[in-house]
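Chain order of the listed sequences is A and B.
Take 2 as the starting number for the first sequence in the working numbering and just add one per residue.
Take 13 as the starting number for the second sequence in the working numbering and just add one per residue.
All C-beta atoms, glycine included, are put in the ideal place defined by N, C-alpha and C.
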Amino acid sequence: MSLELLSDEGYRMDGRKANELRRVRCNLGVFQQADGSAYIEQGNTKILAAVYGPHEPSQNFRSQVPHDNCLINCEYSQAAFSGVERKNRPRGDRKGQEMAAHIKQTFEASIQTTLYPRSQIDICLQVLQSDGSDYAVSVNAATLALIDAGITMKDYIIACSASLAKGVSLVDINHVEESVGCAELSAAVLPKLGRIVYTELNGKLHEDEMGQILEAVEAGCQDVFHVLEQHVREHVKDTAANFAVS
Amino acid sequence: MLVTPGDVITEDTIYMKGHGTYGTNIEGDKRVIASVAGVVEPINKLICVKPLKTRYNGEVGDVIVGRIKDVQQKRWKVETNSRLDSVLHLSSVNLRGGELRRRSAADEFAMREYLKEGDLISAEIQQVHADGSLSLHTRSLRYGKLGQGCCVVVSPSLIKRRKNHMHNLSCGVSIILGNNGYVWISPLVKTATDSEAGDGGFDFDKEPVTADDRETICRVRNAILCLAKHSVMLYDTSVQYAYDKSLDYEAKHLLSDDVASEIVDRTLMEIDLLKGNA
Numbered sequence: 002m003s004l005e006l007l008s009d010e011g012y013r014m015d016g017r018k019a020n021e022l023r024r025v026r027c028n029l030g031v032f033q034q035a036d037g038s039a040y041i042e043q044g045n046t047k048i049l050a051a052v053y054g055p056h057e058p059s060q061n062f063r064s065q066v067p068h069d070n071c072l073i074n075c076e077y078s079q080a081a082f083s084g085v086e087r088k089n090r091p092r093g094d095r096k097g098q099e100m101a102a103h104i105k106q107t108f109e110a111s112i113q114t115t116l117y118p119r120s121q122i123d124i125c126l127q128v129l130q131s132d133g134s135d136y137a138v139s140v141n142a143a144t145l146a147l148i149d150a151g152i153t154m155k156d157y158i159i160a161c162s163a164s165l166a167k168g169v170s171l172v173d174i175n176h177v178e179e180s181v182g183c184a185e186l187s188a189a190v191l192p193k194l195g196r197i198v199y200t201e202l203n204g205k206l207h208e209d210e211m212g213q214i215l216e217a218v219e220a221g222c223q224d225v226f227h228v229l230e231q232h233v234r235e236h237v238k239d240t241a242a243n244f245a246v247s
Numbered sequence: 013m014l015v016t017p018g019d020v021i022t023e024d025t026i027y028m029k030g031h032g033t034y035g036t037n038i039e040g041d042k043r044v045i046a047s048v049a050g051v052v053e054p055i056n057k058l059i060c061v062k063p064l065k066t067r068y069n070g071e072v073g074d075v076i077v078g079r080i081k082d083v084q085q086k087r088w089k090v091e092t093n094s095r096l097d098s099v100l101h102l103s104s105v106n107l108r109g110g111e112l113r114r115r116s117a118a119d120e121f122a123m124r125e126y127l128k129e130g131d132l133i134s135a136e137i138q139q140v141h142a143d144g145s146l147s148l149h150t151r152s153l154r155y156g157k158l159g160q161g162c163c164v165v166v167s168p169s170l171i172k173r174r175k176n177h178m179h180n181l182s183c184g185v186s187i188i189l190g191n192n193g194y195v196w197i198s199p200l201v202k203t204a205t206d207s208e209a210g211d212g213g214f215d216f217d218k219e220p221v222t223a224d225d226r227e228t229i230c231r232v233r234n235a236i237l238c239l240a241k242h243s244v245m246l247y248d249t250s251v252q253y254a255y256d257k258s259l260d261y262e263a264k265h266l267l268s269d270d271v272a273s274e275i276v277d278r279t280l281m282e283i284d285l286l287k288g289n290a
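(1) Please check if any C-beta of chain B sits within less than 9 Å of the C-beta of D1 of chain A.
(2) Tell me which same chain residues have a C-beta within less than 7 Å of the C-beta of E179 of chain A, skipping the five on either side of it?
(3) Measuring straight from C-alpha to C-alpha, what distance separates D123 of chain A and S131 of chain A?
(4) Quick one: what's got a C-beta closer than 8 Å to F32 of chain A's C-beta in the same chain, skipping five residues either side?
(5) According to DSSP, what are the bridge partners of D123 of chain A?
(6) Contact between the segment 20 to 34 of chain B and the segment 259 to 270 of chain B is defined here as three or more beta-carbon pairs at a separation below 8 Å; is this criterion met?
(7) Does the separation of the CB atoms of P54 of chain B and G151 of chain A fall below 9 Å?
(8) Under a CB-based cut-off of 9 Å, is T1 of chain A close to chain B?
(9) Taking beta-carbon pairs under 7 Å, can you tell me which members of the segment 267 to 285 of chain B lie near chain A?
(10) Can you check which of these residues, A:S120, A:N70, A:S139, is closest to A102 of chain A by C-alpha distance?
(11) How would you label L112 of chain B, buried or exposed, when you count the other beta carbons within 10 angstroms and need 16 or more for buried?
(12) For N243 of chain A, would you say it is in contact with chain B, using Cβ-to-Cβ distances shorter than 9 Å as the test?
(13) Judging by CA-CA distance, which residue of A:N141, A:R13, A:H176, A:V237 is the nearest neighbour of G85 of chain A?
(14) Can you find the residues in the same chain that come closer than 8 Å, C-beta to C-beta, to T25 of chain B, ignoring five residues on each side of it along the sequence?
(15) Within this structure, are the beta carbons of V128 of chain A and I48 of chain A separated by less than 9 Å?
(16) With which residues is N180 of chain B paired in a DSSP beta bridge?
(17) Could you tell me whether any Cβ in chain A is nearer than 9 Å to the Cβ of E136 of chain B?
(18) Are the CB atoms of T249 of chain B and I283 of chain B within a distance shorter than 9 Å?
(19) Taking just the CA atoms, how far does R87 of chain A sit from Q34 of chain A?
(20) Once the 5 residues before and after G302 of chain B are set aside, which same chain residues still bring their CB inside 8 Å of it?
(21) Give the residues from the segment 63 to 93 of chain B that approach chain A closer than 7 Å (Cβ to any Cβ), ordered along the chain.
(22) Return the CA-CA distance between I59 of chain B and G50 of chain B, expressed in angstroms with no decimal places.
(23) Where does R13 of chain A sit, in a helix, a strand or coil, going by DSSP?
(24) Tell me the DSSP bridge mates of A160 of chain A?
(25) Going along chain B in order, which residues have a C-beta closer than 9 Å to the C-beta of G84 of chain A?
(26) Quick one: using the 10 Å Cβ neighbour count with 16 as the cut-off for buried, is E42 of chain A buried or exposed?
(27) Give the residues of chain B in contact with D156 of chain A, contact being defined as C-beta atoms less than 9 Å apart.
(28) Considering only DSSP beta bridges, list what E120 of chain B is partnered with.
(29) Is H207 of chain A close to chain B? Criterion is C-beta to C-beta, closer than 9 Å.
(30) Please state if the CB of G193 of chain B and the CB of I137 of chain B are separated by a distance shorter than 9 Å.
(31) DSSP state of N20 of chain A, grouped into three classes?
So this is what it looks like as structure tokens:
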């Protein structure tokens, strides 16, 4: 039985339409200890983000901190129980470091680093359950945590992934759709400013298909943005309710 | 008005951009855009956005409570919940005996006897440097090493800026509401008399604290944590009211969510009444 990404009626394996996102749920301020924290679930992909800073650079990074900018340090870790099979991943493993480097690069496009000279901002991501689009959900979690920490950013950074099946773009792909082997495009955008800050393509894609899949990703990002923005506004409203009283 | 990053606050050209806002430097684009999630505070023509949570941004003259992190040559590094560690120079502290003299090499070697790593101090901000780091001083008998008591950490945005940050509450404790979010609660401080003028602020009362005082301190601490959980601004009146309202419960029960909400509601009602009468 061959794996069908898209049925003839236009439904995917989990019953979604091609341009439908998975259910998004998020919480801000889940830890008291960190300066900012957030938890996000997109379908079954569950990621926790904690932000520390800006703070005095730690010993290991003291030499790397520029005098007019802040240093963004990202740590990405996948729990042993997050995948289909239990796999113990040590802290400094190749895939984790690569993901961390990409996320660091992504956030340098939005965080106003010139406002925090000689400081260090740590973004720590922990994947609790991995069901596809790990990069995208990590970026969304980190955005929420940074907003919770009060770190100045030009705009939200929202990321989404997409794939192509039978000439139709599938948005927000899950683990099964990922492992089939089709091309997967992940992109991070600044939704209000309408700019793309990061793209990553896994697999092969024809030049003509690039435009279509990129449009689908951008639309997906805008959809995720609407959901997350609602949550953040509600969170701000609840928290600021007592600010003005006294 | 509540905003999130990327929101356009205004397009009017008369407004200037303050903290928490930015403008795209494109020719002809006059929008003022928010860069944090928080409350918009317009001060005349200046628009600032105050974030809900932030690291402490020091102003000259603020009273802070900090922890000594490192002892270096002629200065101490103090951790104050800000972007960069603060500095307390040897020349900014009172020497023992109240002498006014040039600091010698002997003073440098004796630094650790005054303040060492882990000590809590209260100090005032003397200077804010270009990169945002702070220089502190303890050149007053009110400041110095903190002795027996309890330190509570809350977000700096919750500390209301007042003329006075050191209070003796009527419930029998004295508190220091550091602008950086560190609140120090201790048994009543006897005011400095002339005979103690030569102290220099480095010795503290080592008398054992009574059980009643300890309970009061514990209750005040939990009351402050209740208020902080619900983002209520902290100042002497709000802390005093929260303490009064909490007397119906045992100190340890204040840590539970429902008790905390109830106390906060009653405190806010009391504050409203006070404002209504004023």
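Let's see:
(1) There is simply no residue 1 of chain A to check, as chain A begins at 2 and stops at 247 in what is shown.
(2) Non-local beta-carbon contacts of E179 of chain A in its own chain, meaning distances under 7 Å to residues more than five positions away in sequence, involve G133, E185 in chain order.
(3) When rounded, the distance between both Cα atoms is 22 Å.
(4) Taken in chain order, the residues that qualify are S38, A51.
(5) A:Y53, A:N74
(6) no
(7) no
(8) With chain A represented from 2 up to 247, any question about residue 1 of chain A goes unanswered, as that position is not in the structure.
(9) L280, I283
(10) A:S139
(11) exposed
(12) At least one chain B Cβ lies under 9 Å of N243 of chain A.
(13) Contrary to the premise, residue 85 of chain A reads as Val rather than Gly in this sequence. Of A:N141, A:R13, A:H176, A:V237, the residue nearest in Cα terms is A:H176.
(14) K42
(15) yes
(16) Bridge pairing for N180 of chain B: B:S186 [DSSP].
(17) no
(18) yes
(19) 29 Å
(20) There is no way to answer for residue 302 of chain B, as the model of chain B reaches only from 13 to 290.
(21) Listed by position along the chain: P63, L64, K65, T66, R67.
(22) 12 Å
(23) coil
(24) A:A189
(25) Ordered by position in chain B, no residue passes the 9 Å Cβ test against G84 of chain A, which lies about 33 Å from the chain.
(26) Per the 10 Å Cβ criterion, buried.
(27) P17, G18, I45, S47
(28) Residue pairing of E120 of chain B in beta bridges, as defined by DSSP: absent, with no partner found.
(29) Look at H207 of chain A: its C-beta is not under 9 Å from any C-beta on chain B.
(30) The answer is no: Cβ separation not under 9 Å.
(31) Reduced to three states, the DSSP call for N20 of chain A is coil.
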